[in-house]
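To start, the structure under review is shown below, and the notes come after it.
Chains as they are written, first to last, in our numbering: chain A, 1 to 118; chain B, 1001 to 1106.
Below, the structure written as structure tokens:
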């Protein structure tokens, strides 16, 4: 079964750091364009970052310089390292798969909640 | 950045109704548009890709149309399972979502 499972969410203080994981099964992440999308409570969806199959990464302006998207092909797992977090980073974080950078996101994980609060 | 604007924000409808949701892009995105359905506490689910292509397993009552800057999602006969929030997404230049349209029971 093709599946994405996120983990690592939790409560973090403003200015703190957190690392999210996204474990893939049923397909090889290095063959796809993998994304992080977040959803703040009661609001819509915001694209956060993409990891191209060729290793390039891109970030939304709101997280560039603070978040880092990485990939461990041996574990078929993706990571989102988040630093200098603010209350505006509070959201459910989803990982999602696309076949290319000109494709919709066809597989989504269930999401992991991140709360930034003192 | 490309902005996506959906209308309406909320839509009240009854089972069996024909429902149309509109999505407008701030500049041309060709046909690089997807539609997603999201239920509370769940991940979004892809319904339509490339503006008019039905994702596998999605009921045929869902259809999409449009190109350039104007797009629509149509549900031909609303079913109880369809009450949810719907999002459009452009992937022509980076990735942007509309603000969502909540379809609620009338």
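Virtual Cβ for every residue (Gly too), placed ideally from N, Cα, C.
Simplified DSSP assignment, three categories, for residue 1053 (chain B): Three-state result, residue 1053 (chain B): strand.
Reduced DSSP secondary structure (H/G/I, E/B, other) of residue 46 (chain A): In this structure, residue 46 (chain A) counts as strand in the three-state DSSP scheme.
Cβ-based burial, residue 100 (chain A) [other Cβ within 10 Å; buried from 16]: Under this definition residue 100 (chain A) is an exposed residue.
Backbone secondary structure at residue 76 (chain A) - three-state DSSP: DSSP places residue 76 (chain A) outside both helix and strand once states are collapsed to three, so it counts as coil.
Selection of the stretch 1032-1048 of chain B by Cβ proximity to chain A, strictly under 7 angstroms: Here the close residues are 1032, 1034, 1043, 1044 and 1046.
Cβ neighbour criterion (16 or more within 10 Å) applied to residue 4 (chain A): It is buried - the Cβ of residue 4 (chain A) has at least 16 other Cβ atoms within 10 Å.
Contact under 8 angstroms by Cβ, residue 1011 (chain B) with residue 1048 (chain B): In this structure, the beta-carbon distance from residue 1011 (chain B) to residue 1048 (chain B) does not fall below 8 angstroms.
Length of the line joining the Cα atoms of residue 28 (chain A) and residue 1014 (chain B): Here the C-alpha atom of residue 28 (chain A) lies approximately 42 angstroms from the C-alpha atom of residue 1014 (chain B).
Bridge partner(s) assigned by DSSP for residue 29 (chain A): For residue 29 (chain A), which the question treats as bridged, DSSP gives no partner whatsoever.
CA nearest to the CA of residue 58 (chain A), picked from A:11, A:44, A:110 and A:37: It is A:37.
Cβ separation of residue 1069 (chain B) and residue 1025 (chain B), assumed to be a contact under 8 angstroms, to the nearest whole Å: Contact between residue 1069 (chain B) and residue 1025 (chain B) holds, with the beta-carbon distance rounding to 5 angstroms and staying under 8 angstroms.
Short Cβ contact (8 angstroms threshold) for residue 39 (chain A) with residue 92 (chain A): It is a contact, given that the beta carbons lie within the stated cut-off.
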